[in-house]
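Comments concern the structure below.
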Amino acid sequence: SARAGESVEVMHWWTSGGETAAVGKFKEALSVRGVEWKDLAVGGADNQRTLLKTRVGKGSPPDAAQINSDVRAYAANPGNLANLNDVAAKGGWDDALPAPVQRYAKLGGKNYVAVPVNVHRNNVMWISAAGLKKIGASAPPKTWDEFFAMAEKARAAGMIPLAMAEDSWVNFMFMQVAYGTMHTDAFRKAFYDADEAALKGPGMVQAFEVMRKARGYSDRGAATRRWNEATQMVIQGKALAQVNGDWVKGEFTLAGKKPNVDYFCIPVPGSGSGHVFSSDAFMFFRNAKSPSAQVALAETLMDKDAQVAFSLIKGSVPVRMDADVSGFDACARQSYADFVAGNKDGTLAAAPSMLQTPARIAAWRDVVLAFWNDDSMTAQQAANRMLAAARAN
Ligand code: BGC
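For what it's worth, this note's numbering labels the leading residue of the sequence shown as 10, then goes sequentially.
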């Protein structure tokens, strides 16, 4: 076990109010084990990735770093990563973690190189209850057509119908819309397997059509806005809705807002009860200054109580399937139920970035943003470009 005075350096991109409060729970739990969590918080996933690459390249990686995409992409060389199989065996991780998360946390499907901490639902629409009231709507929308009808009224009532944020979140929203218009099979074929018919098919075209309309209901300030600033607009009733993952709930919670009272969380229109998930994990690097402190960190991150305390604030649910979510709010319980059901019936969809190469993800993102910024591009042209991007990358 770790000796007093030991520390680990942990790199992550949790810098919003809710995120900072949530990660504080892991810090606390680690300090109980006598180990100090030295924080290296970098705003924005893209920035964190850049810094991590630099540190790995220089041969001075942190002890652990947050990831939520394909682990292979983060290791300049797989030899950089620590093998956590001993801690995992001792802690029974294989029994506690859902299969799709295990695959993602293990390099080559064999060695644990990362510790997953939670499950986030990505395909969520957040809606202001006051905003709905203002436009005389009695319930959140079920379809995009219903949403756009509400958006029209919201605008007439002086609200921004859809609070968008900087580019990466436009692309993020596109994926959630596409899951709804394509449904699980075509979504997986397109984004996991780069299947030709799915990539330029009707579901993809429809996703771009929805995005075109959605853009008309967002505002000019969106391009430089952070995701949590967009959330504040919904919290304050300046905007009617936001499409973003359930980390958004961390901001509502911090502001003292309650689901189904102050706001609604619904699966993005078209998704039914389908669940698109991502899982935050911490990748561990070799040659830690203090191996025993690193083990303490791994155990802390997988600790049931610590995962519960963290997710209650973060907006996610614990990734340990043996955790008790009865004390969680309605949004989280729904996410958990849909995650479990989707895992059983095969409709669960991992965020494509967890499985695809970064080059392909970046190429698709370029298409989505080109379409977003160019009204003259048709939805079918954009879909064709998605296929071309997959072929070239
Ligand atoms: C991460 C979340 C984080 C969000 C916003 C996502 O990529 O999975 O944990 O809260 O980005 O920073």
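Backbone N, C-alpha and C define an ideal beta-carbon position, used for all residues, glycine too.
On a predicted model such as this, the values are computed, not experimentally measured, just so you know.
Rounded distance between the beta-carbons of residue j and residue i, thought under 8 Å
i: Pro71; j: Ser288; result: Actually they do not touch by this definition, with Cβ atoms about 20 Å apart.
i: Leu306; j: Val32; result: Leu306 to Val32, Cβ: 13 Å. No contact.
i: Arg112; j: Phe286; result: With 8 Å as the limit, Arg112 and Phe286 do not qualify as a contact, their Cβ atoms being about 13 Å apart.
i: Ala332; j: Pro109; result: Between Pro109 and Ala332 the Cβ distance is about 17 Å, and since that is not below 8 Å, they are no contact.
i: Val334; j: Val128; result: That belief does not hold up - the Cβ atoms of Val334 and Val128 are roughly 10 Å apart, past 8 Å.
i: Asn77; j: Ala341; result: That belief does not hold up - the Cβ atoms of Asn77 and Ala341 are roughly 18 Å apart, past 8 Å.
i: Thr356; j: Gly265; result: Between Gly265 and Thr356 the Cβ distance is about 34 Å, and since that is not below 8 Å, they are no contact.
i: Gln343; j: Ala91; result: Gln343 to Ala91, Cβ: 36 Å. No contact.
i: Ala174; j: Glu238; result: 7 Å
i: Arg224; j: Trp381; result: 6 Å
i: Glu15; j: Ser301; result: 7 Å
i: Thr309; j: Ala38; result: 5 Å
Bridge partners - residue i, DSSP secondary structure assignment
i: Cys274; result: Trp135
i: Ile322; result: In DSSP, Ile322 forms no bridge with anything.
i: Ile76; result: Ala290
i: Arg130; result: Phe286
i: Leu419; result: An answer regarding residue 419 cannot be provided, because it is not within the stretch 10 to 402 covered by the chain.
i: Trp46; result: Val17
Same chain, Cβ closer than 7 Å to residue i, five either side skipped, listed in chain order
i: Ala163; result: Gly140, Ile144, Pro170 and Leu249
i: Met242; result: Ile169, Ala172 and Ala248
i: Asn439; result: The displayed coordinates of the chain run from 10 to 402. Any statement about residue 439 would go beyond what the structure contains.
i: Arg374; result: Asn180
i: Ala372; result: Ala398, Ala401 and Asn402
i: Gly351; result: Gly283, His284 and Leu357
i: Ser280; result: Asn132, Tyr188 and Gly189
i: Phe183; result: Ala216, Met220 and Val377
Other residues of its chain near residue i: CB distance less than 8 Å, five sequence neighbours each side excluded
i: Asp384; result: Arg221
i: Ala30; result: Gly259, Leu263 and Ile322
i: Thr240; result: Trp135, Ala172, Gln251, Asn253, Val257, Glu260 and Phe261
i: Arg58; result: Tyr83
i: Asp79; result: Tyr113, Ser362, Met363, Leu364, Gln365, Thr366 and Pro367
i: Met330; result: Ala105, Leu106, Pro107 and Val349
i: Gly88; result: Arg295
i: Lys36; result: Trp46 and Asp48
i: Glu155; result: Pro278
i: Ala146; result: Met159 and Lys162
Own chain partners of residue i with C-beta closer than 6 Å, once the 5 adjacent residues on each side are dropped
i: Gly100; result: Met311
i: Ala216; result: Val186, Ala187 and Thr190
i: Ser320; result: Asn127, Val326 and Pro327
Spell out a yes or no on whether the stretch 253-268 and the stretch 19-34 are touching, meaning 3 or more CB-CB pairs, one atom from each, closer than 8 Å.
Touching, yes, given that three or more Cβ pairs across the two stretches are closer than 8 Å.
Inspect the CB distances between the stretch 312-320 and the stretch 291-299 and report whether three or more fall short of 8 Å.
Touching, no, given that fewer than three Cβ pairs across the two stretches are closer than 8 Å.
Would you say the stretch 385-397 touches the stretch 204-222, given that touching needs at least three Cβ pairs under 8 Å?
Flag = yes, the stretch 385-397 and the stretch 204-222 touch.
Would you check if the stretch 70-90 and the stretch 114-124 touch, i.e. whether three or more CB-CB distances between them fall below 8 Å?
Yes, since at least three Cβ pairs between the stretch 114-124 and the stretch 70-90 fall closer than 8 Å, the two stretches touch.
Is the stretch 223-230 in contact with the stretch 193-207, if contact means three or more CB pairs nearer than 8 Å?
Counting Cβ pairs under 8 Å, fewer than three are found: no touch.
Should the stretch 273-283 be regarded as contacting the stretch 34-44, the criterion being three or more beta carbon pairs within less than 8 Å?
Not touching, per the Cβ criterion.
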